[in-house]
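*Asks:*
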Amino acid sequence: MLNVMMIGDVVGDPGLAVLEQRLPGLVREHGADFVVVNGENAADGFGLTKETLDRILAAGADVVTSGNHVWEKRDFWPVLAAERRVLRPANYPGEAPGAGWLSVQKAEVTWLVLNLQGREYMTPIDCPFKSFDNITNIPTNTIVLVDFHAESTREKEALAYYLDGRVSLLAGTHTHVQTADERILPGGTAYITDLGMTGINDSIIGMDPKICLDRARNQVLYRMECAKAGPNGADSAVQGVIAEIDRESGRALSIKRIG
Numbered sequence: 496m497l498n499v500m501m502i503g504d505v506v507g508d509p510g511l512a513v514l515e516q517r518l519p520g521l522v523r524e525h526g527a528d529f530v531v532v533n534g535e536n537a538a539d540g541f542g543l544t545k546e547t548l549d550r551i552l553a554a555g556a557d558v559v560t561s562g563n564h565v566w567e568k569r570d571f572w573p574v575l576a577a578e579r580r581v582l583r584p585a586n587y588p589g590e591a592p593g594a595g596w597l598s599v600q601k602a603e604v605t606w607l608v609l610n611l612q613g614r615e616y617m618t619p620i621d622c623p624f625k626s627f628d629n630i631t632n633i634p635t636n637t638i639v640l641v642d643f644h645a646e647s648t649r650e651k652e653a654l655a656y657y658l659d660g661r662v663s664l665l666a667g668t669h670t671h672v673q674t675a676d677e678r679i680l681p682g683g684t685a686y687i688t689d690l691g692m693t694g695i696n697d698s699i700i701g702m703d704p705k706i707c708l709d710r711a712r713n714q715v716l717y718r719m720e721c722a723k724a725g726p727n728g729a730d731s732a733v734q735g736v737i738a739e740i741d742r743e744s745g746r747a748l749s750i751k752r753i754g
């Protein structure tokens, strides 16, 4: 049996701080063999930098996934192209920097981590369904993990059923609100619509509530800022899932929420 941990979007310095504080303990507590963390909001809430990526990896992530905000910091693009442990969605067309999937050996098995982005209510990039099918020659006995960064719950569930039995775990990211629909699909794929976020609970998707309220009420695009942590980070959380995967078949045996 293998234990896989996937952690939701890390939001700014408060999210990085709580990740550094709590992820090592969570890995020990759950005996996690492999850890995937979504980091697309780690740099002040928008994108990644070399420093924020290094902090996530040092906290215990084996692979860092992302989403539509990965392009926010142009200085990060060369890092995205050079560092194999950080992914951008695989279904961006053309010559986008970086890679959308990674195959790596750990715990005596082969892991394939794939980052995809949805198209409903988002930029209509290449088809995520076809992008998965275009990955060929996946070795047998490979544990396949998918971070599907998407807005639409329908699209997330549709991709999960499309890949049921072909991947061990598909977790949604992007909305920053952890869902309560974790389950094992009929073909043996573990699924949750959204992992949630790593950051400040007393916030609106990790951001300062007043600014978000002003944006909603006035329809003026004030620049959002990360919410500030309370005393001792008491209102911070690391959200995600831990899934048990059968080493031989790749079928998920259980999935449980964290956070």
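Just so you know, our numbering puts 640 at position 145 of the sequence shown, and the rest follows in order with no gaps. For every residue, glycine included, the Cβ atom is placed at its ideal position computed from N, Cα and C.
Among the residues of its own chain, which have a CB less than 6 Å from the CB of Pro519, if the five just before and after it don't count?
*Replies:* Cβ neighbours of Pro519 beyond the five flanking positions: Gly555.
*Asks:* Tell me the residue span of the alpha helix (DSSP H) that contains Ala553.
*Replies:* Taken as a continuous stretch (DSSP letters only), the alpha helix (DSSP H) holding Ala553 covers 545–554.
*Asks:* For Gln714 versus Ile502, is the C-beta spacing smaller than 9 Å?
*Replies:* In this structure, Ile502 does not lie closer than 9 Å to Gln714 by Cβ.
*Asks:* Can you give the beta carbon distance from Gly507 to Gly540, rounded, assuming they're within the 8 Å contact cut?
*Replies:* The Cβ separation is near 5 Å, so the contact holds.
*Asks:* Judging by CA-CA distance, which residue of Pro573, Val530, Val639, Thr635 is the nearest neighbour of Thr544?
*Replies:* It is Pro573 whose Cα lies nearest to the Cα of Thr544.
*Asks:* Given that a residue counts as buried once 16 or more other Cβ atoms are within 10 Å of its Cβ, and exposed if not, what is Ala738?
*Replies:* Its Cβ being crowded by 16 or more others within 10 Å, Ala738 is buried.
*Asks:* Measuring alpha carbon to alpha carbon, tell me which of Thr635, Ile687, Asp570 ends up nearest Phe643.
*Replies:* Taking only the C-alpha atoms, the option nearest Phe643 is Ile687.
*Asks:* Going along the chain, which residues of its own chain have a beta-carbon closer than 6 Å to the beta-carbon of Val641, five neighbours each way excluded?
*Replies:* Closer than 6 Å at the Cβ level, and outside the excluded window around Val641, lie Leu609, Val662, Leu665.
*Asks:* Have a look at Ala527, Arg523, His564 and flag the residue whose alpha-carbon is nearest the alpha-carbon of Ala537.
*Replies:* Looking at the Cα atoms, His564 is the closest of the given residues.
*Asks:* Give me, in chain order, the residues of the same chain whose beta-carbon lies closer than 8 Å to that of Pro509; leave out the 5 immediate sequence neighbours on both sides.
*Replies:* Counting only Cβ-Cβ distances below 8 Å, and skipping sequence neighbours, we find Gly694, Ile695, Gly701, Cys721, Ala722, Lys723, Ala724, Gly728, Ser731.
*Asks:* If we count the other Cβ atoms within 10 Å of its Cβ and call it buried at 16 or more, is Leu582 buried or exposed?
*Replies:* Buried, because 16 or more other Cβ atoms sit within 10 Å of the Cβ of Leu582.
*Asks:* Check whether the Cβ of Ala553 lies closer than 9 Å to any Cβ atom in chain B.
*Replies:* Among the chains in the structure shown there is no chain B, since it carries only a single protein chain.
*Asks:* Alpha carbon to alpha carbon, how far is Asp741 from Gly660?
*Replies:* Roughly 13 Å separates the two Cα atoms.
*Asks:* Can you tell me whether DSSP reads Pro706 as helix, strand or coil?
*Replies:* First, the amino acid is wrong: residue 706 is Ile here, not Pro. Of the three classes helix, strand and coil, the one that applies to Ile706 here is helix, per DSSP.
*Asks:* So, are the CB atoms of Lys601 and Asp709 less than 9 Å apart?
*Replies:* Contact flag unset, no.
*Asks:* Restricting to Cα atoms, I'd like to know which of Pro634, Tyr657, Leu607, Leu575 is closest to Val531.
*Replies:* Val531 has its Cα closest to that of Leu607, out of Pro634, Tyr657, Leu607, Leu575.
*Asks:* Label Met500 either buried or exposed according to how many other C-beta atoms from any shown protein chain fall within 10 Å of its C-beta, with 16 as the threshold for buried.
*Replies:* Met500 should be labelled buried.
*Asks:* Can you look up Asn632 in the DSSP assignment and give me helix, strand or coil?
*Replies:* Coil, per DSSP.
*Asks:* With a Cβ-Cβ cutoff of 9 Å, do Thr547 and Leu575 count as a contact?
*Replies:* Not a contact, by the Cβ cut-off of 9 Å.
*Asks:* My assumption, with CB atoms under 8 Å, is that Ile638 sits in contact with Leu497. Please give the rounded CB distance.
*Replies:* Indeed, because the Cβ distance is near 7 Å, the residues count as touching under 8 Å.
*Asks:* Look at the Cβ atom of Ala645, then the Cβ atom of Leu611, and state whether they are nearer than 9 Å.
*Replies:* Yes. Within cutoff.
*Asks:* For Tyr616, is the classification buried or exposed, using 16 other Cβ atoms within 10 angstroms of its Cβ as the cut-off for buried?
*Replies:* With fewer than 16 other Cβ atoms within 10 Å, it is exposed.
*Asks:* So, is Ser744 buried or exposed, given that buried needs 16 or more other C-beta atoms within 10 angstroms?
*Replies:* Exposed, by the Cβ-count rule.
*Asks:* By how many angstroms is the C-alpha of Gly593 removed from the C-alpha of Asp697?
*Replies:* Taking the straight line from one Cα to the other gives about 34 Å.
*Asks:* Taking just the CA atoms, how far does Ile630 sit from Tyr587?
*Replies:* C-alpha separation (whole angstroms): 14 Å.
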